[in-house]
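Enquirer:
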Amino acid sequence: MASLLENLIKVLDSETTEYEKLIGLAESKTPVIVSGDVESLGKITEEEQAIVGLIQGMEKKRNKFLADIANVVNRDVESLKLIDLIQMLENMPEQQEMLRDVQERLKKTINQLKAVNDKNQMLLADKLDMVEFNLNMIRAMKSAPETANYSKNAYTNGQSLGIFHGGFDAKQ
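Following numbering that gives the first Met the number 0, the numbering of the sequence shown begins with 0 at its first residue and continues without gaps.
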């Protein structure tokens, strides 16, 4: 049981370290989002995906260790949570304290990551709103009403308000 606990603690500690790396990347994403640097945002996202892949592997290990511990203590794997395991370790205070510390550190790190991601999500939503606003303005300009300008034959000349229909004017 002690070796299973040590393995669980190591995997939780490694997981926390990877989540801390994600926090660093998420924080570096904030100014990139503000500046609208899509290329840098893509690179950061690729790095994040690599770390997430590592974390998923660690999650599998963690679940395996928890399942092994649940079998040793004769508990249902689905109902055994980390907090329950900490409470069960009253007769092993050293492991209990180590497990509690790593669990609290992981929880704090995940909460930090969530806060940074929420901030970035808000910034992205604002950027998307701005892009949508600009697109709507362009569409509105293209569908502006025609002017009441008539040609000498009493036909409207078909000009729209505020729109330059030409492309690039090399003469100017």
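Glycine included, every Cβ here is placed at the ideal spot set by N, Cα and C.
Here's the rule I'm using: 16 or more other beta-carbon atoms within 10 Å means buried, otherwise exposed. How should Ile32 be labelled?
Expert: With 16 or more Cβ atoms within 10 Å of its Cβ, Ile32 is classed as buried.
Enquirer: Which ranges does the beta strand (DSSP E) cover as unbroken runs of at least 3 residues, wholly within the segment 40 to 81, from first to last along the chain?
Expert: Listed in chain order, there is nothing to give.
Enquirer: Check whether the segment 47 to 61 touches the segment 15 to 25, counting contact only when three or more Cβ pairs, one atom from each stretch, lie closer than 8 Å.
Expert: Yes: the two stretches touch, three or more of their Cβ pairs being nearer than 8 Å.
Enquirer: If you run the structure through DSSP and keep just helix, strand and coil, what is Met91?
Expert: Of the three classes helix, strand and coil, the one that applies to Met91 here is coil, per DSSP.
Enquirer: Where does Ile162 fall in DSSP's three states?
Expert: Since pLDDT at Ile162 reaches only 49, below the 50 mark, its modelled position is unreliable, and no value is offered.
Enquirer: Given Asp80, which residues of its chain have a CB within under 6 Å of its CB, disregarding the five upstream and five downstream residues?
Expert: Checking the sequence shown, residue 80 turns out to be Lys, not Asp. Cβ neighbours of Lys80 beyond the five flanking positions: none.
Enquirer: What's the C-alpha gap between Met57 and Met129?
Expert: For Met57 and Met129, the distance between alpha carbons rounds to 39 Å.
Enquirer: Taking 8 Å as the threshold (C-beta atoms), are Leu112 and Leu65 in contact?
Expert: Not closer than 8 Å, so no.
Enquirer: Under DSSP, the alpha helix (DSSP H) around Asp12 begins and ends at which residues?
Expert: 1 to 34 is the span of the alpha helix (DSSP H), which, as asked, contains Asp12.
Enquirer: Of the residues Asp67, Asn73, Leu98, Thr29, which one's Cα is nearest the Cα of Ile82?
Expert: The option with the nearest alpha carbon to Ile82 is Leu98.
Enquirer: Does the Cβ of Val76 have 16 or more other Cβ atoms within 10 Å, making it buried, or fewer, making it exposed?
Expert: Its Cβ having fewer than 16 others within 10 Å, Val76 is exposed.
Enquirer: Compare the Cα-Cα distances from Gln102 to each of Asp117, Met91, Leu84 and report the closest residue.
Expert: Residue Leu84 is the option with its Cα nearest to Gln102.
Enquirer: Compute the beta-carbon to beta-carbon distance between Thr108 and Thr15, rounded to the nearest angstrom, for a pair I have assumed lies under 8 Å.
Expert: The pair is a contact, with the Cβ atoms about 5 Å apart (cut-off 8 Å).
Enquirer: Taking 8 Å as the threshold (C-beta atoms), are Asp67 and Leu3 in contact?
Expert: A contact, by the Cβ cut-off of 8 Å.
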